[in-house]
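Note that the sequence shown covers residues -21 to -1, 1 to 85 in mature numbering (1 follows the signal peptide of the UniProt record, and there is no 0). Ideal Cβ positions, reconstructed from N, Cα and C, are used throughout, including at glycine. Please read all numbers here as calculations on a predicted model, not as lab measurements.
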Amino acid sequence: MTFTRMLTAAIIAAGAATALAAPAAAEELTQEQFLAAIAEHGVQVGTDEEAIKLAERMCKILGNGSDEKIEKAVYYIKDHSKLSNEGITTFAGIAARVYCPDALPS
């Protein structure tokens, strides 16, 4: 399975795999949900602020979730973190579910 396909699979499975509560309206609660979810899954990306910024940037790159944009988002995370491939897919799935659920494939 290619690296990009791994992320695509993670994004598709994000809703079930992350066990997040329904998205919150308040930005602060969303950030708390995101940080709790990545911590629960053992994903560490620097400080909380760095993790949030990485997730937000990933969503900007991801846009509508086209294959090309998914690949760019994957490599952005890879280039800006020390995560393993598994960590990248977990991080991306959680970030997409919390910060940009509209980019998730139906």
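- Going by DSSP, Val53 is part of the alpha helix (DSSP H) stretching over Asp46 to Asp58.
- Exposure of Gly21 is indicated by the presence of fewer than 16 other C-beta atoms within 10 angstroms of its C-beta.
- Cβ neighbours of Phe13 within its own chain (closer than 8 Å, five residues either side excluded): Ala30, Ile31, Ala34, Ile73, Ala74, Val77 and Tyr78.
- The beta carbons of Ile40 and Lys57 sit no closer together than 7 Å.
- At a Cβ-Cβ threshold of 7 Å, Ala82 and Gly25 do not count as neighbours.
- Counted as a single uninterrupted DSSP element, the alpha helix (DSSP H) harbouring Val77 occupies residues Asn64 to Tyr78.
- For Gln10, the CB contacts under 7 Å within the same chain, skipping 5 residues up- and downstream, are Ile31 in chain order.
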